[in-house]
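Written out below as structure tokens is the structure these notes cover.
Chains as they are written, first to last, in my numbering: chain A, 1 to 361; chain B, 1001 to 1127.
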């Protein structure tokens, strides 16, 4: 298999690279901790061109997208965005996405952002259901045509304001507008995956380097992106849910807020039943009280050593300095401050459940 | 990128170092190793009085992105543990040959030192 390279690949010199979702992406430019702290305190820029871009246009673009996602897409006015789930017939998450209703004047009606490596499958899903349902919509995978740069942190707005005429004051969270950034026609969205204020910028692949270079701030890799999202309790596709390895519904994954049961979509009925009956297991935050690093796949037990569940993601929080994790546990063990154990290399480490986010947003 | 490789230390292929002072050997991981690992967030070490066997794992160092076993360059009995690393594991990144040391051991068999890499050979190893 050949790794897909982001359009900015030539720009990185000292970055450590890794395979992520079939893309060769930077993990660290400086150190993960340094990059993390800079984003919390100032601003950092991330190449997130591995995220997919799929556009949906035409008379049935809304109907098609409505029936394939858990949210009510109809509420989106031009220039609005929402976080949503894509579920299978059982109500299990295939992907979590951001859906943009593109501003008036844009060439397409909707744009959605699947996770790394999911763009092909999601495009195919939209196309096959369009055929099945006899709908009229143009679905295009534009992942290779777009570069995506995330500019995140308390100083992000000042940095961006210097490069665009767009009125950033009037661009609220989960809104998107089109304007030039560093001279390049760019979609500017006030969205992100860090818990900080910030923007995600979508520009043509050919302009990637111009847009990236326009911001004089710390370049950040996937390492910091992961620790930043984990402190917020945000889900990572493939870890907190996966179609075969970790089949989970939005309610189990604690993103029930994305489910609008008043709309009709694939997976709605099993989710309606779960909304009525409750879930057996749910994603919850953990804080380790002993020293150690909780990691993906580690077992979680009760204080008597009886198995309860497993860790889906974990790290040592650079902000708090303490080990944190996300884990699926039986619902009766998910109240905050429930004592549990995480088993690390055969040793039972003291932990307690915590509400997320782990830090004040 | 160039890494510190002090001449008066000896090295394992797996990036541990040893520096001897009479019959005591101090053990840690190299500058190259800490750079590969990135931010060190946890170190698990044996206790005073435990015995090490050359070539066998004696502890674990974890960074944000990876878990690595640490191997004993020499056999011997642990006489001191750098407990500062439990609260400040980042010392391994900041000063791998100094404040980031891990253990002192009494050498069981000085001839084991001959099996280790010298500084030049280790420089070739990480080149």
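For every residue, glycine included, the Cβ atom is placed at its ideal position computed from N, Cα and C.
Does residue 213 (chain A) get closer than 8 Å to chain B when you measure Cβ to Cβ?
-> By this cut-off, residue 213 (chain A) is not an interface position.
Quick one: what does DSSP say residue 1064 (chain B) is sitting in, helix, strand or coil?
-> DSSP places residue 1064 (chain B) in the coil class of the three-state scheme, outside both helix and strand.
For the stretch 1091-1115 of chain B, which residues have a beta carbon sitting closer than 7 Å to at least one beta carbon of chain A?
-> Hits within the stretch: zero.
Residue of A:284, A:331, A:262 minimising C-alpha distance to residue 314 (chain A) = Nearest C-alpha to residue 314 (chain A): A:284.
If you measure from the beta carbon of residue 1059 (chain B) to each beta carbon in chain A, is any gap under 8 Å?
-> Answer no: the Cβ-Cβ gap between residue 1059 (chain B) and chain A never drops below 8 Å.
Should residue 31 (chain A) be flagged as near chain B, meaning a C-beta pair shorter than 8 Å?
-> At a cut-off of 8 Å between beta carbons, residue 31 (chain A) contacts chain B.
Among A:94, A:106, A:122, the one whose alpha carbon lies nearest that of residue 244 (chain A) = When the alpha-carbon of residue 244 (chain A) is set against those of A:94, A:106, A:122, the nearest one is in A:94.
CA-to-CA distance, residue 125 (chain A) to residue 90 (chain A), given in whole angstroms | If I take the Cα positions, the gap works out to 16 Å.
Taking C-beta pairs closer than 7 Å, name the residues in chain B that residue 28 (chain A) reaches, listed in chain order.
-> Those are 1038, listed as they occur along chain B.
Pick out whichever of A:155, A:123, A:29, A:274 has its Cα sitting closest to the Cα of residue 11 (chain A).
-> Out of A:155, A:123, A:29, A:274, A:29 has the C-alpha closest to the C-alpha of residue 11 (chain A).
Roughly how many whole angstroms lie between the Cα atoms of residue 1121 (chain B) and residue 1053 (chain B)?
-> Taking the straight line from one Cα to the other gives about 23 Å.
Pick from A:17, A:48, A:55, A:215 that is closest to residue 107 (chain A), judged by C-alpha positions | When the alpha-carbon of residue 107 (chain A) is set against those of A:17, A:48, A:55, A:215, the nearest one is in A:55.
Nearest-angstrom Cα separation, counted from residue 180 (chain A) out to residue 166 (chain A) = Straight across, the Cα-Cα distance linking residue 166 (chain A) with residue 180 (chain A) is about 8 Å.
Tell me the DSSP bridge mates of residue 339 (chain A)?
-> DSSP lists A:352 as partners of residue 339 (chain A).
Only counting runs of 4 or more residues, tell me where the alpha helix (DSSP H) segments fall wholly within the stretch 139-220 of chain A, in order along the chain.
-> The qualifying runs are 156-161, 208-213.
Decide if residue 15 (chain A) is buried, meaning its Cβ has at least 16 other Cβ atoms within 10 Å, or exposed.
-> It is buried - the Cβ of residue 15 (chain A) has at least 16 other Cβ atoms within 10 Å.
Count the other CB atoms, across all protein chains shown, that sit within 10 Å of the CB of residue 212 (chain A); report buried if there are 16 or more and exposed otherwise.
-> Burial call: buried.
If you run the structure through DSSP and keep just helix, strand and coil, what is residue 255 (chain A)?
-> In the structure shown, residue 255 (chain A) sits in coil (DSSP, three-state: anything other than H, G, I, E or B).
Please determine, among A:350, A:310, A:303, the residue with the shortest C-alpha to C-alpha distance to residue 295 (chain A).
-> It is A:310.
So the alpha helix (DSSP H) residue 1101 (chain B) belongs to, where does it begin and stop?
-> The continuous stretches of alpha helix (DSSP H) do not include residue 1101 (chain B), and DSSP gives it neither H nor E.
The alpha helix (DSSP H) with residue 128 (chain A) in it runs from where to where?
-> Start and end: 119-133.
Using a C-beta to C-beta distance shorter than 9 Å, which residues of chain A count as neighbours of residue 1042 (chain B)?
-> Here the neighbours are 291, 292, 293, 316, 323.
Does the beta-carbon of residue 75 (chain A) have 16 or more other beta-carbons within 10 angstroms, so that it is buried, or is it exposed?
-> Counting Cβ neighbours within 10 Å, residue 75 (chain A) comes out exposed, since fewer than 16 surround it.
Starting from residue 1032 (chain B), trace the alpha helix (DSSP H) both ways and give me its first and last residue.
-> Where residue 1032 (chain B) is concerned, the enclosing alpha helix (DSSP H) starts and stops at 1031-1037.
Checking contacts by CB at 8 Å: is residue 1086 (chain B) closer than that to chain A?
-> Yes, because at least one Cβ of chain A sits closer than 8 Å to the Cβ of residue 1086 (chain B).
Return the residues of the stretch 1003-1025 of chain B that lie within a Cβ-Cβ distance of less than 9 Å from chain A, sorted by chain order.
-> Flagged: no residues at all.
Cβ neighbours of residue 104 (chain A) in the same chain (closer than 7 Å, five flanking residues each side left out) = So the qualifying residues of the chain are 78.
Grab the span of the alpha helix (DSSP H) containing residue 229 (chain A) for me, first residue to last.
-> Residues 222-232.
If you measure from the beta carbon of residue 227 (chain A) to each beta carbon in chain B, is any gap under 8 Å?
-> By this cut-off, residue 227 (chain A) is an interface position.
At what residues does the alpha helix (DSSP H) containing residue 332 (chain A) begin and finish?
-> No alpha helix (DSSP H) contains residue 332 (chain A), which DSSP labels as neither H nor E.
In three-state terms, what does DSSP make of residue 65 (chain A)?
-> Here residue 65 (chain A) sits in helix by DSSP.
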